[in-house]
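Encoded as structure tokens, the structure appears first; notes follow it.
Protein chains in written order, with the working numbering: chain D, 26 to 198; chain Y, 577 to 778.
Here is the structure:
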């Protein structure tokens, strides 16, 4: 079998293993469903381009997080400038068929909370929710352990305040 | 709500997602031949074109300076053009270097800092037109007229120089008005993002 064919098969298997992560990251960085489709395409394209150069010195998860988060954060800032040809092309081609409607109200609240965070803190929150240890988070983010810990504490404080306010409002109703 | 509970909620979404996502394998197989135009692709193309034109023009300028080295009135405009062209070339080369070293596999903070630097360069590039167009236009016409038509524009009334400079300022203002529509927004977003990155490093 040709090497390129083999690589395609491996990539599809790999994509199968990380598809949930891609969807969740895109959900965090893109509220609009159409923009989200674009973002997913961007992430997959970037993963595919980088796949042959995957450095085994890093865990595959670290590598995937870096690409998905970098593409998402950059996407956020260039979203307004993308041209129409690019957009229409992207809408025609969908690598995933997704139904990611959120039915769980707790999950909805969690997404709403993350929506309030800065792009870099969103990334940190995703990594923490995914269960990454501090070492992996600092490797993905390129930040010191102290920086990560300070940010994590700040996010936890915000989170506490957010859910307390939410609970209060819920009880009033 | 405790963080552990949230982690549970986050992971419970996996089960639902697992069932609702189907990979379009046929499309993924064709991904290798897919060409996607990104914002970076356009910047890269502009930078390469800028470098090629810049080098050709530099070559011409060096020849012109050599031929007119002792004619001060032609040497000065040529030197002005040389300085501006070299400045633009350095910016374009730096932009290309940033694009080629941009790697989405690198740590998030590092990659994003590079992207912001690139964005700032784009903005600097646009706003520098305010200075470059008025300063460039008169020397450019003087040098081109002398080199290709053997015409000494200084023999005419110098009013044309004033009108040309005034006209080029108007052109620069109009041009930047159209170019900067997205720039202001991008710059403030980029700076806010960079400050967000820095806040815990200080």
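The C-beta atom is built at its ideal place from N, Cα and C for all residues, glycine as well.
Note on geometry: alpha-carbon atoms of residue 713 of chain Y and residue 738 of chain Y lie some 11 Å from one another. Under the three-state reduction of DSSP output, residue 598 of chain Y falls in the strand class. Residue pairing for residue 636 of chain Y: DSSP places it in no beta bridge. When rounded, the separation of the alpha-carbon atoms in residue 77 of chain D and residue 32 of chain D is 8 Å. When the beta-carbon positions are compared, residue 690 of chain Y and residue 674 of chain Y come within less than 7 Å of each other. Note: residue 121 of chain D is bridge-paired with Y:599 in the DSSP secondary-structure output. Chain D has a Cβ within less than 7 Å of the Cβ of residue 686 of chain Y. In the DSSP annotation of this structure, residue 142 of chain D is not part of any alpha helix (DSSP H), being labelled neither H nor E. In terms of Cα proximity to residue 93 of chain D, the closest of D:45, D:37, D:160 and D:119 is D:45. Shown in chain order are the members of the stretch 44-65 of chain D whose Cβ falls below 8 Å from a Cβ of chain Y: 44, 45, 48 and 49.
Sorting Y:578, Y:665 and Y:692 by C-alpha distance to the C-alpha of residue 632 of chain Y places Y:665 at the top. Between residue 135 of chain D and residue 582 of chain Y, the C-beta spacing is below 7 Å. Under the 7 Å criterion on CB atoms, residue 94 of chain D is classed as interfacial with respect to chain Y.
Taking C-beta atoms as the reference points, residue 187 of chain D and residue 138 of chain D count as a pair closer than 7 Å. The Cβ of residue 122 of chain D sits closer than 7 Å to at least one Cβ of chain Y. Measuring C-alpha to C-alpha distances from residue 63 of chain D to each of D:119, D:27 and D:154 identifies D:119 as the nearest. Neighbours of residue 582 of chain Y across chain D, judged by C-beta separation under 7 Å: 135 and 154.
Residue contact with chain Y for residue 99 of chain D: present (Cβ-Cβ distance below 7 Å to some residue of chain Y).
Going by DSSP, residue 188 of chain D is part of the alpha helix (DSSP H) stretching over 170-197. For the 7 Å CB-CB criterion, residue 644 of chain Y and residue 651 of chain Y form a contact.
Using a Cβ-Cβ cut-off of 8 Å, residue 148 of chain D is close to 684 of chain Y, given in chain order.
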